[in-house]
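The next block holds one structure in the form of structure tokens; read it before the comments.
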Ligand code: GLA
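Numbering (our numbering), first residue to last: 2 to 745.
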């Protein structure tokens, strides 16, 4: 067999076309791949927009860099692919068989079909796509088993990207529940760096599948070359950064499905399409890298990415599991009086046999708990509508509690090892349903379908997931296929979500996983928004939202105003600061409104009304980060949004702790028109008739960007408890929001 192939290879070489360079360009970036039939494809370049001859003349084209190194014949390079044949042979030599180019709207795709010289029934397609309207390229691969016998994919990366840089600075996000998306910026030291996740269903709980690399030793907001990337995948991910080849000024990146414990058996005549890795390249710093990803997310990836989102009240922090009519009805009325647009009943409303009074029971039983809502949810929906608001409800459909009717009927529908006691999740009795089982897939679809069939006027669903994949065994999959579980579970989830969206394209669904533990681009086509974090302490939230917004746009990040003393930190934060923090994303509230004092209530009403006026800029504008809460003295944060026409902008500035006699920062604005004049207006000042001195001033964009603004009111302090009232509460935590409107 091998002999024939060698001959075939020779024929291919004889008839091979000349080496051809394929350049894919976006408005400001170019990616160049060289492919010659019968040879390994080579990666030449990813950088500023340029034509091939210029790249080659400058000496910046990489030479001899394989575009998709595989284990077996050239292992000095880190390998992106490892495949074991049914006979155990795991050496692969991919050569180009065919190159196709196609255009679909704004997307140009280059597909390079590779065939393994040693085992010609194995083919891999490398796909590279570029957008003509945004600086985004995408890569993925497709493994095709043309043979009759199964093969095992042991490493099957979506993307292999050589990055030309002499010295990289890495930005990545880590965290955990109530402390999501911490921004980490660190030198990418020599050697190999791996960032990955192994938590399955709560895939982003510790590490996020996104990164930025500042090239040439810097990662500035506006003035350095940056490559950013994110993996579009709802399951475990794996990134490798190889900084090992000193003489070549390059860092090798690869990203895709985490191969750990995921040897994937690919049956004969089947193929596996790997998830897309999305990249952006810019010479304008990490600010532009974020904006490129945000624009792409809103336009191409996030469901209803350009629609405005409502201001909602969620019942969770207010009443927890006490979702009784007596508790909820006043919340509906009080929130409507504040100008609210939607009411969402969180956990606690269900469990006909075992009412959901705590986290120990009822998941799986999605009928109403009559003990709390004797007349069902209909009266609550009607009351919400009567007050001019939309209605939403919480479910956690991928889960079951051992104490539930569902588990009594189907104890075999869960993920667990047949011989060992499973590890239980939240409340001591929670288990993850086995989505690889088609009956379970029907059940999960049915949870949403039944709810929406019975109540077609439900506008919004909060879809939660509070358990990682701790029991990594399926009772449905045969023993030989257990290591397909991570991938098949994720593909099954995608199948369910597609089915739901085919029938219910409009319903707004928020994704939650103990907060932001599922923050990933893979979920975006199915969910309009994500719950950023259960952490509603406004200071902590600044750090979380700042971190998340490196990659995720503001309109998909739900941010709620909690009560004055944070549920999770007991930090006392005044209402204005809390509103100003939540107003930088999709605003909501999470409290019992009747517990507000009269002055706080009046402020909340004003703040909600003001949010509605700035909402188009906040939710759809371009984000410019001005002062980082992670850098410098960490005592100020400032960021702004600018709308597309640059006629309107909103600037959020926060001073964290009070320090006497310290310097105030100069805030240099960005993204405005230098030659335009802007009128400044303070949005929702603490006291209606006492705006900051900048209020009403008209200033040029040039002045605002080059010389900046100072807000001395942020340093103001009050010396006695008498002056500190329920609005100010403490001298810490001051904020000012300014709206800029072009004066024509
Ligand atoms: C998770 C979510 C919360 C809330 C609770 C309900 O913790 O993150 O927002 O919905 O579940 O049990």
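Idealized CB from N, CA, C, for every residue including glycine.
Item	Value
How is the alpha helix (DSSP H) around residue 396 delimited, first residue to last?	From DSSP, residue 396 is part of no alpha helix (DSSP H) but of the beta strand (DSSP E) over 391-396.
Any idea what DSSP makes of residue 538, helix, strand or coil?	coil
Short check: CB of residue 182 to CB of residue 216, under 8 Å?	no
Does DSSP put residue 176 in a helix, a strand or coil?	strand
DSSP state of residue 709, grouped into three classes?	coil
Is any heavy atom in the ligand GLA found nearer than 7 Å to the beta carbon of residue 646?	no
Since residue 259 and residue 520 should fall inside the 8 Å C-beta cutoff, what is the C-beta to C-beta distance between them, to a whole number of angstroms?	Wrong, their Cβ atoms sit about 17 Å apart, outside the cutoff.
Measure from the C-beta of residue 740 to each C-beta in chain B and report whether the shortest distance is under 8 Å.	This model lacks chain B altogether, as it is built from one protein chain only.
Can you list, in chain order, the residues of its chain with a C-beta nearer than 7 Å to that of residue 309? Leave out the 5 residues immediately preceding and following it.	616, 617 and 620
My output table needs one value for residue 112: the three-state DSSP class, helix, strand or coil.	strand
Hey, how far is the Cα of residue 577 from the Cα of residue 464?	30 Å
Is the number of C-beta pairs between the segment 340-357 and the segment 311-320 that are closer than 8 Å three or more?	yes
Let me check understanding here. Comparing Cα to Cα, which of 629, 313 and 712 lies closest to residue 665?	712
If I follow the unbroken beta strand (DSSP E) through residue 1, where does it start and stop?	Since the first and last residues shown for the chain are 2 and 745, residue 1 lies out of range.
Spell out a yes or no on whether the segment 285-294 and the segment 143-163 are touching, meaning 3 or more CB-CB pairs, one atom from each, closer than 8 Å.	no
For residue 758, which residues does DSSP report across the bridge?	As shown, the chain starts at 2 and ends at 745. That puts residue 758 outside it, with no answer to give.
So for residue 139, helix, strand or coil by DSSP?	strand
Tell me which same chain residues have a C-beta within less than 6 Å of the C-beta of residue 174, skipping the five on either side of it?	182, 209 and 548
Just the Cα atoms here: how many angstroms apart are residue 739 and residue 710?	11 Å
Here's the rule: buried if 16 or more other CB atoms are within 10 angstroms of the residue's CB, otherwise exposed. What is residue 64?	exposed
Sort 20, 47 and 484 by Cα distance to residue 27 and report the nearest one.	47
Report yes if the C-beta of residue 182 is less than 7 Å from at least one heavy atom of the ligand GLA; otherwise report no.	no
For a test of the three-state rule: what should DSSP assign to residue 14, helix, strand or coil?	Legend: pLDDT at residue 14 = 33, less than 50; position of this residue unreliable, value from coordinates given subsequently. Residue state, collapsed to three classes: helix.
Taking all protein chains shown into account, do 16 or more other C-beta atoms lie within 10 angstroms of the C-beta of residue 420, making it buried, or fewer, making it exposed?	exposed
With burial defined as no fewer than 16 other Cβ atoms inside 10 Å of the residue's Cβ, what is the status of residue 735: buried or exposed?	buried
In chain order, what residues of the same chain have a beta carbon less than 7 Å from the beta carbon of residue 737, not counting five sequence neighbours either side?	654, 683, 693, 712, 714 and 715
Would you call the CB atoms of residue 129 and residue 95 closer than 8 Å?	no
Of all the options 294, 566, 203 and 524, which has the alpha carbon lying nearest to the alpha carbon of residue 496?	524
Could you tell me which of 97, 477 and 690 sits nearest to residue 417, measuring between CA atoms?	477
Just to confirm before moving on: does the CB-CB distance between residue 240 and residue 186 stay below 8 Å?	no
Within 10 Å of its beta-carbon, does residue 1 have 16 or more other beta-carbons around it, so buried, or fewer, so exposed?	Because residue 1 is not part of the residues shown, which for the chain are 2 to 745, the question remains open.
Look at the Cβ atom of residue 85, then the Cβ atom of residue 193, and state whether they are nearer than 8 Å.	no
Could you work out which residue in 297, 742, 269 and 732 is closest to residue 649 when comparing CA atoms only?	742
According to the neighbour-count rule (16 or more other Cβ atoms, all chains shown, within 10 Å of its Cβ), is residue 454 buried or exposed?	exposed
If I'm right that residue 701 touches residue 678 with Cβ under 8 Å, what's the distance once you round it to whole angstroms?	5 Å
For the ligand GLA, is there any heavy atom lying closer than 7 Å to the beta carbon of residue 516?	yes
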